[in-house]
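Beneath this line is the structure, given in structure tokens, with notes to follow.
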Amino acid sequence: MILSGGGARGAYEVGVLRYIFDDLARIRGAPPRLDILSGTSVGAINACFLAAHLADPVLGMRRLVELWGGLELTHVLGFGVRQMVGLPRLLIGGDDGSGLFDVRPMTDLVQREISWRAVTRCLRRGHLRALSVSCTEVSTGRTVVFIQTSPDTVIPSTSPPRTLYRADRIGPQHALASAAIPLLFPPARIDNELYLDGGLRQNTPISPALRLGATHVFAIGSSRDVRGVIAPEGRAGEVEAPGMAFLLGKILNAFLLDHVDVDIELLTRMNSVLSDGESAFGEAFIPRMSAEAHRRGSPAYRNIHCLTVRPSEDIGRLAAEHVRRGRFRGDAFVTKRILTLLDFGRGDEADLASYLLFDGGFARELIEMGRSDAKARKDELLAFFGDKADDERGGDGQDESPGLESIAPPRPG
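Printed below as a string of structure tokens:
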């Protein structure tokens, strides 16, 4: 299971997870079995929470929905006089880097609500084979994927360019580092290095899952699938020059959200290459291709089945509507002042605000949309995850489809 990034957009993931581990679990007779959990950015936090509750995922997801639905912006992100005075320092930097917000409230939440001992216990007891969290190393700009595994699983021996796979015991510092959006949140320190949001280069961490042995990949995206050409609304004379907040929101979309399009497109293209190759050259095509890959030290090719659930509506527009309504949990006056001061919620598209609206009301909207979108894919989800009998057999009961590389023996993931 792949959980991608997007700040407060992570509530959408929670809605999809709630459907899978609650509604779908009742339909299929048991929660689906997972082998590998890969998360980045806010998806890393959700993945760690899920890993800690795999012994009882139904109860765990209900608690996660409760947590997101009860969020108050001022209780997650701190912004006061110190942050206002330090705004110019964002461009100058400091010993440990800097961010627009004080993340100590978020740190307390992550440390308090995720049982990190339960994560280790889950892996030790075989409820999960591997948990990976992707971060961006500040000093080198490379992606570092921290991986904690079960006793019978080893981390991959090869990795993509500018990527390091590192065995470690996953803790709050890894989740917070993966979720540290540049400029908005300060870098997090792990050992002697500083790390930022893993979504900068790997927002959809499919590659670690494949190299850990996944043959079936389920991914949750944080942006709507847009295809074709959309004509701009209004006349050219009415178009205004975008402000900084609008541009920064679009930049974050490019860094943190658009990777899912590229990753799924690459996976789909490789599916087609392998399928066409077998049709043209016979069943020996994939084994012979894999043998050549092995000679140069690369992973073998093999069949991968991929299913993705993505928002049916534009979350940036939903954020703009929520800001206009102004009904926030907790101290609504302070929340409005923060959003107004930073110009985060103006216009028809509040992409930047959508990353920061850690507000229970907005989270509930996204959770409900995620649950509804997943419900609309019920038949596909049932075919993908199989039924309880498939879990007991160690498979998911479906035919494999052509796909990307991996180095481990085929297993569902």
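In our numbering, the protein residues as written are 13 to 425. Ideal Cβ positions, reconstructed from N, Cα and C, are used throughout, including at glycine.
Compute the Euclidean distance between the alpha carbons of residue i and residue j, then round it to the nearest angstrom.
{"i": "residue 175", "j": "residue 154", "result": "6 Å"}
{"i": "residue 217", "j": "residue 51", "result": "7 Å"}
{"i": "residue 338", "j": "residue 132", "result": "41 Å"}
{"i": "residue 365", "j": "residue 287", "result": "42 Å"}
{"i": "residue 334", "j": "residue 167", "result": "43 Å"}
{"i": "residue 49", "j": "residue 225", "result": "12 Å"}
{"i": "residue 135", "j": "residue 79", "result": "24 Å"}
{"i": "residue 53", "j": "residue 291", "result": "40 Å"}
{"i": "residue 281", "j": "residue 43", "result": "31 Å"}
{"i": "residue 314", "j": "residue 373", "result": "44 Å"}
{"i": "residue 102", "j": "residue 207", "result": "At residue 102, the pLDDT of 47 sits below 50, so the modelled position is not reliable; the number obtained from the coordinates is stated separately. Whole-angstrom Cα-Cα distance: 16 Å."}
{"i": "residue 24", "j": "residue 30", "result": "10 Å"}
{"i": "residue 21", "j": "residue 284", "result": "31 Å"}
{"i": "residue 19", "j": "residue 398", "result": "31 Å"}
{"i": "residue 375", "j": "residue 81", "result": "6 Å"}
{"i": "residue 190", "j": "residue 184", "result": "10 Å"}
{"i": "residue 67", "j": "residue 192", "result": "29 Å"}
{"i": "residue 289", "j": "residue 297", "result": "6 Å"}
{"i": "residue 157", "j": "residue 274", "result": "19 Å"}
{"i": "residue 126", "j": "residue 59", "result": "10 Å"}
{"i": "residue 327", "j": "residue 321", "result": "14 Å"}
{"i": "residue 122", "j": "residue 197", "result": "15 Å"}
{"i": "residue 389", "j": "residue 186", "result": "32 Å"}
{"i": "residue 32", "j": "residue 200", "result": "32 Å"}
Which residues bound the alpha helix (DSSP H) around residue i?
{"i": "residue 45", "result": "Careful: residue 45 lies outside any alpha helix (DSSP H) and carries neither H nor E."}
{"i": "residue 370", "result": "Per DSSP, residue 370 belongs to no alpha helix (DSSP H) and is neither H nor E."}
{"i": "residue 219", "result": "218–223"}
{"i": "residue 389", "result": "First-last for residue 389: undefined, no H or E at that position."}
{"i": "residue 335", "result": "327–337"}
{"i": "residue 36", "result": "36–40"}
{"i": "residue 297", "result": "297–307"}
{"i": "residue 189", "result": "184–190"}
{"i": "residue 341", "result": "From DSSP, residue 341 is part of no alpha helix (DSSP H); its letter is neither H nor E."}
{"i": "residue 70", "result": "69–81"}
{"i": "residue 119", "result": "116–125"}
Per the DSSP calculation, residue i is bridged to which residue(s)?
{"i": "residue 25", "result": "Paired residues: none, contrary to the question."}
{"i": "residue 230", "result": "319"}
{"i": "residue 51", "result": "15 and 145"}
{"i": "residue 202", "result": "205"}
Tell me the residue span of the beta strand (DSSP E) that contains residue i.
{"i": "residue 159", "result": "155–161"}
{"i": "residue 205", "result": "205–209"}
{"i": "residue 178", "result": "175–179"}
Let me check understanding here. Comparing Cα to Cα, which of the options lies closest to residue i?
{"i": "residue 165", "options": "47, 148 and 121", "result": "47"}
{"i": "residue 148", "options": "202, 180, 142 and 182", "result": "202"}
{"i": "residue 169", "options": "376, 14, 309 and 331", "result": "309"}
{"i": "residue 119", "options": "72, 145 and 188", "result": "188"}
{"i": "residue 371", "options": "77, 128 and 63", "result": "77"}
{"i": "residue 152", "options": "234, 173 and 163", "result": "173"}
{"i": "residue 232", "options": "324, 182 and 195", "result": "324"}
{"i": "residue 179", "options": "74, 293, 197 and 142", "result": "142"}
{"i": "residue 195", "options": "16, 277 and 368", "result": "368"}
{"i": "residue 14", "options": "57, 389 and 336", "result": "57"}
{"i": "residue 63", "options": "319, 320, 130 and 199", "result": "130"}
{"i": "residue 16", "options": "117, 219 and 88", "result": "219"}
{"i": "residue 38", "options": "341, 71, 382 and 363", "result": "71"}
{"i": "residue 124", "options": "61, 306, 221 and 363", "result": "61"}
{"i": "residue 26", "options": "69, 87 and 331", "result": "69"}
Under 8 Å between C-beta atoms, does residue i make it to chain D?
{"i": "residue 74", "result": "No chain D appears in the structure shown, which is made up of a single protein chain."}
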